[in-house]
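Novice: Take a look at this one; I'll ask things after.
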Amino acid sequence: MTRKLLTTLTIVAIFAGATAVIAKQHPDAGGDRDRHRSHEGMRPDFSGDPERMVEMMGRHLDLDETQSQTISNILLAAKPEGDSLRERSRANHEALRALDVNDANYNAALQDLSADSGQLEAERTLLRGRVRGEIHAVLTAEQQQKMADRIGRKGSHRRHQGGDELSNQET
Numbered sequence: 003m004t005r006k007l008l009t010t011l012t013i014v015a016i017f018a019g020a021t022a023v024i025a026k027q028h029p030d031a032g033g034d035r036d037r038h039r040s041h042e043g044m045r046p047d048f049s050g051d052p053e054r055m056v057e058m059m060g061r062h063l064d065l066d067e068t069q070s071q072t073i074s075n076i077l078l079a080a081k082p083e084g085d086s087l088r089e090r091s092r093a094n095h096e097a098l099r100a101l102d103v104n105d106a107n108y109n110a111a112l113q114d115l116s117a118d119s120g121q122l123e124a125e126r127t128l129l130r131g132r133v134r135g136e137i138h139a140v141l142t143a144e145q146q147q148k149m150a151d152r153i154g155r156k157g158s159h160r161r162h163q164g165g166d167e168l169s170n171q172e173t
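If you read the sequence shown in this note's numbering, its first letter stands for residue 3, the second for the next number, and so on.
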């Protein structure tokens, strides 16, 4: 009995965490958070406009033309992968919502979808990190520091408004 209860509580916790992650990333669910992120040019799931993001970075970091073009190429190359991850996350979210709690296979399906959700988030994190690293390599030491300072300020601002460090995106 205790093992069954522990398993059930674990599944519920995973589901709650996965739902929160998915809801935060879903383009229709963010409310003000998405509106604030959209002015940054490119959302964390790479669904925004890469050129607008390059413009924003250019203004804040004083990018030269070569840097702007290189960063634009990096972002454009990452966009299809980001779009794919967003679409897969949306499909996973819909599958989670469509689960029938009365289905005999509910717990197994829930566990599978929760694992998929975690895998999608891991892929998204790796993509963001890879892009950030590629952009970092293009910047001068002074620009890297400006970017780090800006990300730190934005992360602090978002933490105070219920966001997290990973939701800031210069990349």
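C-beta atoms are modelled at their ideal positions from N, C-alpha and C, and glycine is treated no differently. Small disclaimer: the values here were computed from a predicted structure and weren't measured.
1) Got a sec, what are the start and stop residues for the alpha helix (DSSP H) residue 78 sits in?
2) With residue 127 as the anchor, note down where its alpha helix (DSSP H) starts and where it stops.
3) At the level of alpha carbons, what is the spacing between residue 149 and residue 89?
4) Does any heavy atom of the ligand FMN sit closer than 6 Å to the C-beta of residue 90?
5) By a C-beta neighbour count over all protein chains shown, 10 Å radius and 16 as the cutoff for buried, is residue 133 buried or exposed?
6) Would you mind working out which of 107, 115 and 81 sits nearest residue 94, comparing C-alpha positions?
7) When burial is assigned at 16 or more other CB atoms within 10 Å of the CB, is residue 52 buried or exposed?
8) How about residue 138 and residue 147: are their beta carbons less than 7 Å apart?
9) Taking the C-alpha atoms as reference points, what is the distance between residue 81 and residue 5?
10) Does the beta-carbon of residue 56 have 16 or more other beta-carbons within 10 angstroms, so that it is buried, or is it exposed?
11) For the alpha helix (DSSP H) that contains residue 56, what are its first and last residues?
12) Can the beta-carbon of residue 69 be found closer than 7 Å to that of residue 140?
13) Mapping DSSP to helix, strand and coil, what is residue 151?
Specialist: If we stick to the structure as given:
1) Counted from its first residue, the sequence shown places residue 78 at position 76. Per DSSP, residue 78 belongs to the alpha helix (DSSP H) from 67-100.
2) Stepping through the sequence shown from its first residue, residue 127 is reached at position 125. Unbroken alpha helix (DSSP H) run through residue 127: 108-140.
3) On the sequence shown, position 147 is the one that residue 149 refers to. On the sequence shown, position 87 is the one that residue 89 refers to. Rounded to the nearest angstrom, the two C-alpha atoms are 29 Å apart.
4) Questions concerning the ligand FMN fall outside what the structure shown contains, since it holds no ligand whatsoever.
5) Counting from 1 along the sequence shown, the entry for residue 133 is found at position 131. When all chains shown are included, residue 133 counts as buried.
6) For this step, residue 94 is matched to residue 92 along the sequence shown. Nearest C-alpha to residue 94: 115.
7) Looking up residue 52 in the sequence shown gives position 50. Buried, because 16 or more other Cβ atoms sit within 10 Å of the Cβ of residue 52.
8) Indexing the sequence shown from 1 puts residue 138 at position 136. Indexing the sequence shown from 1 puts residue 147 at position 145. Going by C-beta atoms, residue 138 is not nearer than 7 Å to residue 147.
9) Along the sequence shown, one-based indexing puts residue 81 at 79. Along the sequence shown, one-based indexing puts residue 5 at 3. Whole-angstrom Cα-Cα distance: 44 Å.
10) Counted from its first residue, the sequence shown places residue 56 at position 54. Buried, by the Cβ-count rule.
11) As a working note, residue 56 is residue 54 in the sequence shown. 52-63 is the span of the alpha helix (DSSP H), which, as asked, contains residue 56.
12) Counting from one through the sequence shown, the residue named residue 69 turns up at place 67. Counting from one through the sequence shown, the residue named residue 140 turns up at place 138. Yes, the Cβ-Cβ distance between residue 69 and residue 140 is below 7 Å.
13) Indexing the sequence shown from 1 puts residue 151 at position 149. Residue state, collapsed to three classes: helix.
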